[in-house]
Amino acid sequence: MNPLPQRAFFVSPSVRESGGVDYLGLRQANLELMDQFMPGINNGTQWIRPYSVMCWAVWIFNQHSQTYSGELPAGQRFQRFREKIEVLFGWSHQLAGDGAYMAGNRQYSPPGNGPFTLDFKTWHRGPSWFDAVQYGPSFKPDTGLGLAWPQPDGTYGVTEAGEALARALDKGLRTLALYPWLICVEDLQGSVKQAGAVHLKWGRNWPTRQEAQIFRDEFYPPAGTAKNPRASHRECSINLIRATLQVLGSETSLPVLRRAMALLPLSDFPAEQVAGLAPTQALWRVLQLRQAQRLAFESLFGWMELHIAQGLHSSEALRDRLLSLDCIPLRAESSVQAVLEHYRALSPQAANLLEAGLQVAELDLFERIDHLQEYIDNHDEQAAGEALQLLFLVAAITQDLSACPRHSAYLDQGGQARLSLQYWARSLQRKQQISLAELVLNLIENNLLSQHFGIAAMRMTEAKPRLRISLEDQGLVSLLSGTDKAWQPRLTEDRLYSTLALMTESRLLQCRQCDETNTRLYQRADP
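For reference, each letter of the sequence shown is one residue, going 5 to 531 in our numbering.
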């Protein structure tokens, strides 16, 4: 036994988690699963050109830094130069009306033709491409594609691949008459004319064939050449995408592809590919299952917020309201076991419960997600009933998949603290004999209210309180400024869109826009 302290002593300060719109603390487990499936990129890294421009900025700065004789530290000089390049890149696309969804597109664009100082302060820019919320992790060897690495003085160095990407872009930029101004580290002034001219050579949608080849070799390394486990995981995930498109055999939309990657049985794939695809498909299935679970919990929390604001002050009142919805097909006195068996009974004997969604609409995880999101978007109270049913379906599928070691390896991602899939399924298994009414009350009190109170307390600061509900003498009380502030969650992007975008630019896929349906359609392309 440790002796009791006899005097005051210091302890390490607590480490707070990041904030954001995550009132139940579920997001991190989803992000971790995404990063295992598609490491090295994020939902915003959709174009090759920003990688080329970042590498080029580092490479050019390092080439010219040796001749500098002033007193400004190298890190500050690099910051000034990269801000010039980032602002100019964003501005050139704004002027061309081609900056939608691109990092920096919301920067302030001053009126007139200039010249203007090209720095973040003048243009009201926030994060840099090099920051963690943008391309930063994707840029580095340990967390991304291995194009550049940070140095202690605040500058960067480029890898062999990063330099090759920089040189490929530089071939076009060198043909510009304004090239000497562009590479000048000290000249931070720029005009509309200069921005328009440079856009012709570095537009985000026009990577050269050489850039695409260099990028592809890092993004999707040839078989047997992956430099680290993360690159190998990315290779396997891209193989699953390409194999699924091959099985589907025709142009495919993103939602159809997402569903097929999860629901197609392994027997549909060529026999020689199954061993390599099986672990990756298992991870993708668990990620999609977790996406559904998180959306269901968060939509129930938003529904609960709204009804507390409208005057329901007890968990019992909330339970009764939820169970009164028309879309709840089972009675309040039904046992939890009966609810789970309801879904199992719908499954054809030959299929597992997840794959049965290909044949039975009520078991189709992706169709149920779409229905729930539609209810949420339409402010329809039936979202709560749909969310409750989805949570039961998720638990039933989780119990089914847990028998397979490939799937069970990922099912406890997040643990009890983040209401993991395994924790939720086992929780229902332990409560099989209680009634649906008792289970819903337990869900409201433990998985919604207590979960929110714990997360809010952990993340609260004096400047930014996180509590949205309070427990007062009269019961549960809303801390929202109005009922219109109740949470309306959306399904988090899972990196599939950005992966397909980079695969298309890397010439691994072909993509066309279908004007009739306003949908992008993808098919395989031979690299």
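Glycine included, every Cβ here is placed at the ideal spot set by N, Cα and C.
Practice prompt. Answer yes or no: the CB of A399 versus the heavy atoms of the ligand SAM, is any distance below 7 Å?
Written response: No copy of the ligand SAM occurs in the structure displayed, which carries no ligand at all.
Discussion item. Which of the three DSSP states is assigned to Y501 in this structure?
Written reply: Reduced to three states, the DSSP call for Y501 is helix.
Practice prompt. Run through the stretch 98–140 for me and flag every whole alpha helix (DSSP H) of 4 or more residues, listed as ranges in chain order.
Written response: 124–127
Worksheet item: For Q80, which residues from the same chain have a beta carbon less than 8 Å from its beta carbon, with the 5 sequence-adjacent residues on both sides left out?
Response: G158
Practice prompt. Could you tell me the distance, in whole angstroms, from the CA atom of K231 to the CA atom of T163?
Written response: 13 Å
Practice prompt. Put G194 into one of helix, strand or coil per three-state DSSP.
Written response: strand
Discussion item. On the DSSP letters alone, give me the boundaries of the alpha helix (DSSP H) that Q377 sits inside.
Written reply: For Q377, the enclosing alpha helix (DSSP H) starts and ends at L369 to D381.
Worksheet item: With a Cβ-Cβ cutoff of 8 Å, do V91 and R129 count as a contact?
Response: yes
Worksheet entry | Neighbourhood of V137 by C-beta distance below 7 Å, restricted to the same chain and skipping five residues each side | P131
Worksheet item: L267 lies in the alpha helix (DSSP H); which residues open and close that run?
Response: Per DSSP, L267 belongs to the alpha helix (DSSP H) from L258 to L267.
Worksheet entry | Completely contained beta strand (DSSP E) runs for the stretch 156–229, where each covers 3 or more residues | 160–162
Worksheet item: Below 8 Å between beta carbons: does that hold for S257 and L453?
Response: It is not a contact, given that the beta carbons lie outside the stated cut-off.
Discussion item. If I measure Cβ to Cβ from A12 and keep anything under 6 Å in the same chain, skipping five residues before and after, which residues do I get?
Written reply: Any reading at A12 must be qualified, since the residue scores a pLDDT of 47, below 50, and its modelled position is unreliable; the value itself is stated next. Taken in chain order, the list of residues that qualify is empty.
Discussion item. Short of 8 Å in beta carbon distance, which residues of its chain neighbour H375, apart from the five on each side in sequence? Order them along the chain.
Written reply: For H375, where only same-chain residues beyond five positions count, the Cβ hits under 8 Å are E390.
Practice prompt. Within its chain, find whatever has a CB closer than 7 Å to the CB of L432; leave out the 5 residues flanking it on each side and keep chain order.
Written response: V340, L344 and A399
Worksheet item: Expressed to the nearest angstrom, what Euclidean distance is found between the alpha-carbon atoms of R20 and L35?
Response: Caution is warranted here: a pLDDT of 33 is assigned to R20, below 50, making its placement in the model unreliable, and the coordinate value is therefore given only provisionally. Going by the C-alpha atoms only, they are around 18 Å apart.
Discussion item. Assuming C518 is part of the beta strand (DSSP E), what are its boundary residues?
Written reply: L513 to C518
Practice prompt. Let me know if M42 comes out buried or exposed under the rule of 16 or more other beta-carbons within 10 Å of its beta-carbon.
Written response: So M42 counts as buried.
Worksheet item: Alpha carbon to alpha carbon, how far is W428 from Y27?
Response: Computed Cα separation, rounded: 18 Å.
Worksheet item: Is the Cβ of L415 closer than 8 Å to any Cβ of chain C?
Response: In the structure shown, chain C does not exist; there is a single protein chain.
Worksheet item: If you follow the beta strand (DSSP E) that Q492 is part of, which residue opens it and which one closes it?
Response: Segment: none, Q492 is in no beta strand (DSSP E) and carries neither H nor E.
Worksheet entry | Residues sharing a beta bridge with W153, DSSP | For W153, which the question treats as bridged, DSSP gives the partners G161.
Worksheet item: Residues bridged to R528 by DSSP?
Response: L513
Item to complete: Mind reading off the beta-carbon distance from P211 to E509? Whole number of angstroms is fine, and I expect it under 8 Å.
Response: 6 Å
Practice prompt. Scan the stretch 25–103 and note each continuous alpha helix (DSSP H) run of 4 residues or more that stays entirely inside, going in chain order.
Written response: 31–41, 53–68 and 78–99
Worksheet entry | 8 Å Cβ cutoff met for Y526 and L513 | yes
Worksheet item: Would a C-beta distance cut-off of 8 Å place I218 and A165 closer than the cut-off?
Response: yes
Practice prompt. Give the DSSP bridge partners of V481, in chain order.
Written response: According to DSSP, V481 bridges with S474.
Worksheet entry | Close-in-space but distant-in-sequence residues of the same chain around Q314 (CB under 8 Å, 5 per side omitted) | Around Q314: T487.
Worksheet entry | Reference T496; option with closest CA among A296, V57, I459 and Q250 | For the residues A296, V57, I459 and Q250, the minimum Cα distance to T496 belongs to A296.
Item to complete: Select from R410, H317, C59 and R294 the residue whose C-alpha is nearest the C-alpha of E140.
Response: The amino acid occupying residue 140 in the given sequence is Gly; Glu does not appear at that position. Looking at the Cα atoms, C59 is the closest of the given residues.
Practice prompt. Within the same chain, show all residues whose beta-carbon is closer than 6 Å to that of Y347, passing over the 5 residues directly before and after it, in chain order.
Written response: L397 and A400
Worksheet item: What separation, rounded to the nearest whole angstrom, lies between the Cα atoms of A355 and A282?
Response: 16 Å
Worksheet item: Within this structure, are the beta carbons of G161 and A172 separated by less than 8 Å?
Response: No, the Cβ-Cβ distance between G161 and A172 is not below 8 Å.
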